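Everything on this sheet refers to the single structure shown next.
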Ligand code: DAH
């Protein structure tokens with residue numbers, strides 16, 4: 026076989042090999058084999074010294090032509106493979122804009138937060154500030170400052186989780202009163218504050234008891250504050266929460282930090298005062314504790330009780346929510362079942 030025939034055969038075989046290589050890797054191997062330094066084409070060029078001089082030129086040209094053809098075809102084949110890969114990739118990652126979107130699940134406000142946010146807004150509108158104390162409170166602020174010395178029998182009113190002899194999980198938000206009284210500069214005006222927050226008690230959980238619940242403390246201290254201010258403020262709040270046609274009444278009670286102390290009832294919104302199972306056939310429902318700030322509480326915080334006085338109140342927000350929404354198990358607030366939680370705020374998010 027002369028060199029021309031050999032070149033022809035090399036060309037046909039090479040082209041068919043290029044044609045068969047379907048991946049970049051295989052194509053690379055073929056490229057090395059056909060046009061690499063050790064390819065047969067290169068070998069032919071090296072063996073030219075044995076060829077008659079008049080044929081050399083022609084063969085040289087033919088070899089170059091075949092090599093150019095190989096290079097051209099190899100490049101084309103490579104482009105084709107790359108294009109195909111890109112196309113496949115694009116198809117795989119294509120977004121079908123006609124598919125329905127994923128539904129965003131927006132949470133709803135917790136029923137207690139609905140009431141809390143509403144009450145905060147209400148009191149801010151009347152010039153109150155919102156002040157929050159720590160959930161891990163000291164015996165000092167939670168009790169001693171609030172006129173409950175260590176051996177005071179009224180400490181038994183609240184079963185408290187103690188962390189050590191001085192620190193506890195607060196059983197009431199009343200300590201916020203003492204913190205704010207200490208800080209307040211009365212030369213700048215009265216102190217009017219609400220202090221919402223979580224409290225804890227050593228209660229066994231059942232439908233009406235929870236070891237955690239939410240309270241909101243309230244305090245107004247200035248010169249010349251009377252029990253009339255207490256009554257007016259709390260009556261308006263009760264009507265705001267439970268409806269304008271509710272009636273309220275104050276009953277004498279006892280709290281160590283107030284003297285006199287009262288509890289406030291609203292007329293039953295279920296039976297309108299006639300008597301039903303919700304109001305235990307009394308026509309009234311107890312909603313909060315309150316009273317005139319005890320002079321000891323003021324003096325403990327360095328406030329002159331001969332000049333200043335005021336009223337305080339404590340609201341159980343769980344109780345408000347239970348009454349307002351007709352909920353029969355307090356534990357529902359804390360077990361986070363969305364089917365329960367979603368019922369309360371249709372538009373409020
Ligand atoms: N701290 C009381 C409790 O947890 C509630 C309370 C009653 C707060 C009367 C007050 C108040 O500020 O004046 O039972």
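Residue numbers (our numbering): 26 to 374. Beta carbons are placed, not taken as given, at the ideal position from N, Cα and C, and that holds for glycine. Predicted, not measured: the structure shown is a model, and the values here were computed from it.
Shortest gap from the CB of residue 235 to any heavy atom of the ligand DAH: 8 Å or more. With contacts defined as CB atoms closer than 9 Å, residue 243 and residue 148 qualify as a contacting pair. Not one heavy atom of the ligand DAH falls within 8 Å of the beta-carbon of residue 203. Closer than 8 Å to some heavy atom of the ligand DAH: that describes the Cβ of residue 339.
The continuous alpha helix (DSSP H) containing residue 366 extends over residues 363-366.
In terms of side-chain proximity, the C-beta atom of residue 312 is found no nearer than 8 Å to any non-hydrogen atom of the ligand DAH.
Ranking 144, 339, 248 by CA distance to the CA of residue 212 puts 248 first. 170 is the residue among 228, 170, 274 whose C-alpha sits nearest the C-alpha of residue 324. Here the alpha carbons of residue 129 and residue 173 stand approximately 51 Å from one another.
In chain order, 173, 281 place their CB closer than 7 Å to the CB of residue 179, counting only its own chain and leaving out the 5 sequence neighbours on each side. Taken in chain order, the complete beta strand (DSSP E) segments of 3 residues or longer contained in the stretch 148-190 are 161-163.
Straight-line measurement puts the Cα of residue 41 at about 16 Å from the Cα of residue 105. For residue 160, the closest C-alpha among the options 220, 291, 235 is that of 220.
Rounded to the nearest whole angstrom, the CA to CA distance from residue 115 to residue 108 is 11 Å. With distances taken between CA atoms, residue 327 lies nearest to 202 out of 38, 261, 202. In this structure, the ligand DAH has no non-hydrogen atom nearer than 8 Å to the beta-carbon of residue 155. The beta carbon of residue 152 sits closer than 7 Å to those of 217, all from its chain and outside the five residues before and after it, given in chain order. In this structure, the ligand DAH has no non-hydrogen atom nearer than 8 Å to the beta-carbon of residue 141.
Placement of the Cβ of residue 182 at a distance of less than 8 Å from at least one heavy atom of the ligand DAH is found.
Taking the Cα of residue 255 as reference, the smallest distance to any Cα among 233, 240, 288 is reached at 288. The ligand DAH has a heavy atom closer than 8 Å to the beta-carbon of residue 282.
The alpha-carbon of residue 132 is positioned some 20 Å away from that of residue 352. The DSSP assignment places no complete run of the beta strand (DSSP E) inside the stretch 33-70 (cut-off: 3 residues). For residue 341 against residue 240, the beta-carbon gap comes to about 6 Å, under 8 Å, which counts as contact. Within the stretch 216-281, the complete alpha helix (DSSP H) segments of 4 residues or longer fall at 252-267, listed in chain order. The beta carbon of residue 198 sits closer than 8 Å to at least one heavy atom of the ligand DAH. Cβ-Cβ separation between residue 137 and residue 343: approximately 6 Å, consistent with a contact (criterion under 8 Å). Only buried fits residue 164, as 16 or more other CB atoms lie within 10 angstroms of its CB.
The beta-carbon distance between residue 39 and residue 59, rounded to whole angstroms, is 5 Å. This is short enough to meet the 8 Å contact definition.
The three-state reading of DSSP puts residue 327 in coil, since its state is none of H, G, I, E or B. Counting C-beta atoms within 10 angstroms of its own C-beta, residue 319 has 16 or more neighbours from the protein chains shown and is therefore classed as buried. Residue 290 has its alpha-carbon roughly 19 Å from the corresponding atom of residue 141. Excluding residues up to 5 positions away in sequence, 160, 237, 239 lie with their Cβ nearer than 7 Å to the Cβ of residue 223 in the same chain.
Distances from the CA of residue 311 to each of 359, 260, 336 were compared; the closest alpha carbon is that of 260.
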